[in-house]
Structure formats: structure tokens, C-alpha cells
Amino acid sequence: MIRRLFIPGTAMLLLAISASAQTHPATPEAYVSGVVRNSQGAPESGALVELMRPDQKIVAEMATDTHGHYALHHIPPGNYELRATNPLFLPTIRENLELAASTRVVVNLTLNTLYEAFRWLPAEPRKAGEPPDDWTWTLRLSADRPLLRMLQNGPLVVVTDSNGNRTLKARVTLRGGDSRFGDGGVHQDFELARSLDGSRGLVLRADLADPVETGSPAVRMVAGYEHRLAFGNSFRSVGIVEDHPGISGGAVQGLSSFALRNAETLNLMPGVEAQVGDQVLGFHSTSTTVGNYPFALLTVQSGHTRYSYSVATSPDAQSADMVDEETNLSAAATELNGQLVTEHGLHQQFTISHGTDGSGRAMSVSVYHDQVENPIVNGGGSPSNVDLNSGNLLFDPVAGQLSAAGQSYSATGIVAEIRNPMGANLRLTVDAATGEALAAASQMAEPVSFSAPLDQAQPEAANMVAISASGRVDRTGTAWRAAYRWQTAGTLTPVAPFSTALPDAYLSLYLRQPIHCRMLPNGMEALVDVRNLLAEGYRPFLSSDGSQLYFAQLSRSIEGGLSFSF
Numbered sequence: 060m061i062r063r064l065f066i067p068g069t070a071m072l073l074l075a076i077s078a079s080a081q082t083h084p085a086t087p088e089a090y091v092s093g094v095v096r097n098s099q100g101a102p103e104s105g106a107l108v109e110l111m112r113p114d115q116k117i118v119a120e121m122a123t124d125t126h127g128h129y130a131l132h133h134i135p136p137g138n139y140e141l142r143a144t145n146p147l148f149l150p151t152i153r154e155n156l157e158l159a160a161s162t163r164v165v166v167n168l169t170l171n172t173l174y175e176a177f178r179w180l181p182a183e184p185r186k187a188g189e190p191p192d193d194w195t196w197t198l199r200l201s202a203d204r205p206l207l208r209m210l211q212n213g214p215l216v217v218v219t220d221s222n223g224n225r226t227l228k229a230r231v232t233l234r235g236g237d238s239r240f241g242d243g244g245v246h247q248d249f250e251l252a253r254s255l256d257g258s259r260g261l262v263l264r265a266d267l268a269d270p271v272e273t274g275s276p277a278v279r280m281v282a283g284y285e286h287r288l289a290f291g292n293s294f295r296s297v298g299i300v301e302d303h304p305g306i307s308g309g310a311v312q313g314l315s316s317f318a319l320r321n322a323e324t325l326n327l328m329p330g331v332e333a334q335v336g337d338q339v340l341g342f343h344s345t346s347t348t349v350g351n352y353p354f355a356l357l358t359v360q361s362g363h364t365r366y367s368y369s370v371a372t373s374p375d376a377q378s379a380d381m382v383d384e385e386t387n388l389s390a391a392a393t394e395l396n397g398q399l400v401t402e403h404g405l406h407q408q409f410t411i412s413h414g415t416d417g418s419g420r421a422m423s424v425s426v427y428h429d430q431v432e433n434p435i436v437n438g439g440g441s442p443s444n445v446d447l448n449s450g451n452l453l454f455d456p457v458a459g460q461l462s463a464a465g466q467s468y469s470a471t472g473i474v475a476e477i478r479n480p481m482g483a484n485l486r487l488t489v490d491a492a493t494g495e496a497l498a499a500a501s502q503m504a505e506p507v508s509f510s511a512p513l514d515q516a517q518p519e520a521a522n523m524v525a526i527s528a529s530g531r532v533d534r535t536g537t538a539w540r541a542a543y544r545w546q547t548a549g550t551l552t553p554v555a556p557f558s559t560a561l562p563d564a565y566l567s568l569y570l571r572q573p574i575h576c577r578m579l580p581n582g583m584e585a586l587v588d589v590r591n592l593l594a595e596g597y598r599p600f601l602s603s604d605g606s607q608l609y610f611a612q613l614s615r616s617i618e619g620g621l622s623f624s625f
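Residue numbers (my numbering): 60 to 625.
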């Protein structure tokens, strides 16, 4: 009896084990290995290799050996991202790494330095049948919009999906009018933007100004590169080259300039961010000057309140967001005693800002201290040959504007701002600031030398109040912005010169109006940009030869144009 029951019992036990094995099969694991090298092909030892899930959770990590080898074992099947990092190199990321069960995958990675990452153009021309990439042409009117932040606040760029919907929008703009120093003539602006593997971006831009009073056109070329890294870190670099044949200083005709701006954003810990960078700025005309202007910004976010401390040496480069803002380089330089000089200094600022998510309401208060060297004073008129050869000004005959340098000064003050939406399509902003500015002497009745008004201009305590409103008309699609900035009478330079986000002096207007007509292509817009419409704040005087000139915080400029989006 016992023997008869043993055989069926054994059989049943084997069947149960087999069924259990079929119900819970073993999960074969994957295996990833490879070599990490630099751009020269040499192995990189000590590089950290991390395998991450789509949610950035690290599954496995290890450092490469002396031969650059790494091996990650016991990896569950799935979709991963492989990243290699090493000091002095940009991280390299391999995205969409599919690991199937029981597979051995070899992935070799290459680390590049910051400047080795500048791969401006494809290595070979497009082949027949190759799928199109996302190169796009874009153009715009405003010279102050950022180049690389292509997806924010405006219709300039439209994102597409993989189903063939609209991709980045192309835009062509023609503009001209009574412009500012270094920006006169009729302009045609265009850009070329490309996104590389979702983490890198490239923008090329050209601005061609037709000659009006000179035989050669003015040219401005911009190239921008951005590398977005993991955990919110990023690196940006923008190069700008300008050539203005019409601008004259002393006995030399023409002004050439270049700028190279770099910035890196680092998320040190949750709520703490640091930005560091610099601007290399150079000019050539009667002489040559090259300078390096670094900056740093530390921000701490606590709930809806933000605390920040910044140090900067140039008004045009104070944060990573400003690196990709294209500015008119020629407006930052002038002549002093026969030598080219640039406006710069040392700016320190502590800011507390508070805002609520989604409401649009915000307020901020800043305390700053500035040491301003060679502050630029704008002006206009028709200077004589004696004035032109004095070595104390630059003159742009196309725009009819001139620039000169005032005496250096220091200032301490406060800047406050309140932003409040007044409905769905209207926003109101009020700014106020205290500090110092160069103030002109009393009206000069007798003819004087060109440099006399600047020699007599002294730094004085000054205040500023500005109010601006912006909105959009749903029925017509009109986008508009109006602002008025008042400042203490007689001042020739702005209060808080490093606060470049403040409105321009006096009355300014901006209008963008879509044009809908069957005879015209879709996407056409008319644009108007007016600054200091009423020509306020002018300080006229007569030069020693009887020429009428003036200095002003901001000369009047009126620009208009047409843009075509397609």
C-alpha cells in the first residue's frame, strides 16, 4: 500500500513544481558594457557611467577602469538612458536604449569638451530619401528678444508633433525708420534654428542694413548654442560680430565689434540655483580695445518667495537669460581722448521677489550698489569736422546719432516693481527706483566746445518712476505695449543703469497688428516700435563752430515694418 501511494505522490509533486515554474517564469536580465573615450579616441578612466530610467531614477552606475571599460550587470529589460560624466567634459547621453531580456549590449561613449561640442553644420549633405530634419528659418523685428528660448511668449515659433503638424514657423521681417545709434537704415533680419536630439540647440542669425549714406552695408551676425543637461543644468554660448562702415571716430571711418558670451546654470540643490558666465567684448576703429566682463547670480527659492544676489560688470551680461539676448554692441562703445572705451563697472544687487503661481501677480524689491565706468551719453545733431576729430565721440550718420562718455561715478539705490493683471488680456506694471545719474548743467547760451557739457555734467541724486501696460485685443489679434518712464529733470543717464528690464525713457509704444486680406499671404503682420515719442529730455547746445547739438538720455526713434510668417 505504501509503495503504491509513493509513485502517484511523487508524480503530483513534479507536476506542481512544473506548473509553478510556468506560472512564475524566471526573468532573464540584460547586460551593458562598453568603453568611454574622449574626442581624440583615448580612453577616459574614472568616468562615471549611469543607467537611468525615463524618470531619471538611477538603476546602475560604476566608474570606468584604467582602460575606460565599464560593465553593468543584472539589468531588468526596459527603456533606459545611459549617461557618462567626467570633470572638464560635457556629459554624454545615449537616449532610448532598449534592453531586451537575456541581451548583451555594447555601447561606446565619447566625451567632449565645451568647445568641441560646437558642431555647427552637418558633416555631409543630405542624401536622397533621407527624412527631413528640423532646420527652420525664422525672422523677427525686435532686436531684444532672446535667441535660444524659442518656445516662450509669442507666435514666433510653433512646435510640431510627429504627425506632421506645424513645425517651427518661418518669419521674414523688413524694418526701417528713424532708428537708434548703430541701428539705422532698412534692415532684413533672418534666423536659422535647429534642435539637436532634444538636448542641444543652435541658432544662426544675420541682420543686413541697406546703405543709406555709406557705400557699404552694415552687417550683424549672431551664432548661439545651447546644451541642456540633466537635472535642469544648461550651458549657453553666443557669438556676435558687427561691422558698421558708416560710424566714424576721429580720422577713421568704420567700427567693428565682436562679443562672445558664455553662461552655465547649475542646480546646486532643490530650490538653489547658481549662474556663472562672462562676456568677452572687443571693438576696433581708431584703436582696439578688448575686455572680459564676468557675472554671477545665486538664487534661493522658498515657497513663493525668491532671494537672489548678483554681481555683474557689464549691463549687457548679468545672467544666463541675458546671454542669448541680442544687443546692439556699437551702443556700448565710444571714444574718449582718442581711444575706444566701453561702458562697464561693478554692479552688486540683492533682490527679494514674491509671486503666486498662475495669477500673474508679483512684486520685488532690490537694493543695489553700482560703480559705473565711462557711462555712455547719447546725443544727436550734425557735429563739425573739429568735433569729429576731437577724439571724444562716435558719430553714426545713418541714424544721425552720436555717443560720448561721461565721467565715472558710483551710486546706491533701491528698485521696486509691482505687476498686476487687470483682466485676461491686460497687465499693468509699476516700477520705481532711486539712485544717482549724470545731470547736465544749466542751459548754455554761448557756444562751447563739444566736451564742455560733458565736463560740467555731475552725478546727482535722482529718482525714476515708470508705468507700463500691455495686452491683446482678441477680436483683431492686436498685441500692444505702452510705457512711460519719468526721471529727474536734466539727467543724461538712467537711474539704475544695470536694471535693463525697466522701460525705456519717456513715452514708448509697441504695436503688432495681424493683416488679413485675400490678396495677401496669411501670417502677415504690421509692426511699429516707438521710443521717446515726444522727444523729451533733450539738452541742446551750440558748439564753438555754430553747430546745434544735443545730449539726451534717449533719442527719439520710430521704426516700422512688415513681417511674413509661413
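Positions of the beta carbon are idealized from the N, C-alpha and C atoms, including for glycine.
Only a predicted model underlies this, so the values are computations on that prediction, with no experimental measurement involved.
Legend entry - Stretch-stretch touch, CB-based, cutoff 8 Å, three pairs: the region 440-459 with the region 526-544: no
Inset, instruction - Following the continuous beta strand (DSSP E) through Asp302, name the residue where it begins and the one where it ends. - result: Residue range Ser293 to Gly308 is occupied by the beta strand (DSSP E) that includes Asp302.
Legend entry - CB contact flag (Glu103, Gly127, <8 Å): yes
Inset, instruction - Could you check the C-alpha separation between Phe623 and Ala122 for me, to the nearest Å? - result: If you draw a straight line from the Cα of Phe623 to the Cα of Ala122, it comes to about 53 Å.
Inset, instruction - Enumerate, from N- to C-terminal direction, the unbroken alpha helix (DSSP H) stretches of 4 or more residues contained entirely within the region 396-451. - result: 444-447
Inset, instruction - Can you grab the Cα-Cα spacing for the pair Phe294 / Ala520, in whole Å? - result: 39 Å
Inset, instruction - Take Met328 as the anchor and find which of Pro135, Ala130 and Gly291 has the nearest alpha-carbon. - result: Gly291
Inset, instruction - Figure out for me which residue from Ala585, Phe600, Ala611 and Asp588 has the closest Cα to the Cα of Ala594. - result: Ala611
Inset, instruction - Measure the alpha-carbon distance for Val554 versus Gly241 and round it to whole angstroms. - result: 23 Å
Legend entry - 7 Å Cβ shell around Ala119 - same chain, five flanking residues per side excluded: Leu110, Leu131 and Ile134
Inset, instruction - Just the C-alpha distance for Ser92 and Leu251, rounded to the nearest angstrom, thanks. - result: 38 Å
Legend entry - Inter-stretch contact (C-beta, 8 Å, three-pair minimum) for the region 471-478 and the region 504-516: Between the region 471-478 and the region 504-516, the count of C-beta pairs closer than 8 Å stays below three; the two stretches do not touch.
Inset, instruction - State the DSSP-derived secondary structure class of Gln247, mapped to helix, strand or coil. - result: strand
Inset, instruction - Give the straight-line distance between the Cα atoms of Pro353 and Ala376, rounded to the nearest whole angstrom. - result: 8 Å
Legend entry - In DSSP terms, what Gly93 is bridged to: Tyr129
Inset, instruction - Please name the residue or residues paired with Val524 in a DSSP beta bridge. - result: Here Val524 is bridged, per DSSP, to Ala491 and Trp545.
Legend entry - Simplified DSSP state of Leu485, which is helix, strand or coil: Correct three-state label for Leu485: strand.
Legend entry - Reference Glu618; option with closest CA among Gly244, Thr169, Asn167 and Ile152: Gly244
Legend entry - Endpoints, alpha helix (DSSP H) assigned at Leu513: Ala511 to Gln515
Legend entry - Boundaries (first-last residue) of the beta strand (DSSP E) holding Val382: Element bounds for Val382: not the beta strand (DSSP E) but the alpha helix (DSSP H), Ala379 to Val382.
Legend entry - Gly494 versus Val370 - alpha carbon distance: 18 Å
Legend entry - Local conformation of Leu388 per DSSP, three classes: helix
Inset, instruction - Compute the beta-carbon to beta-carbon distance between Leu551 and Val436, rounded to the nearest angstrom, for a pair I have assumed lies under 8 Å. - result: Cβ atoms of Leu551 and Val436 come within 8 Å of each other, at about 5 Å.
Legend entry - Other residues of its chain near Gly100: CB distance less than 8 Å, five sequence neighbours each side excluded: Excluding residues within five positions, none has a Cβ falling inside 8 Å.
Inset, instruction - Return yes when the Cβ of Asn145 is within less than 8 Å of the Cβ of Ala106, no when it is not. - result: yes
Inset, instruction - Mind checking which residues open and close the beta strand (DSSP E) that includes Gly336? - result: Val331 to His343
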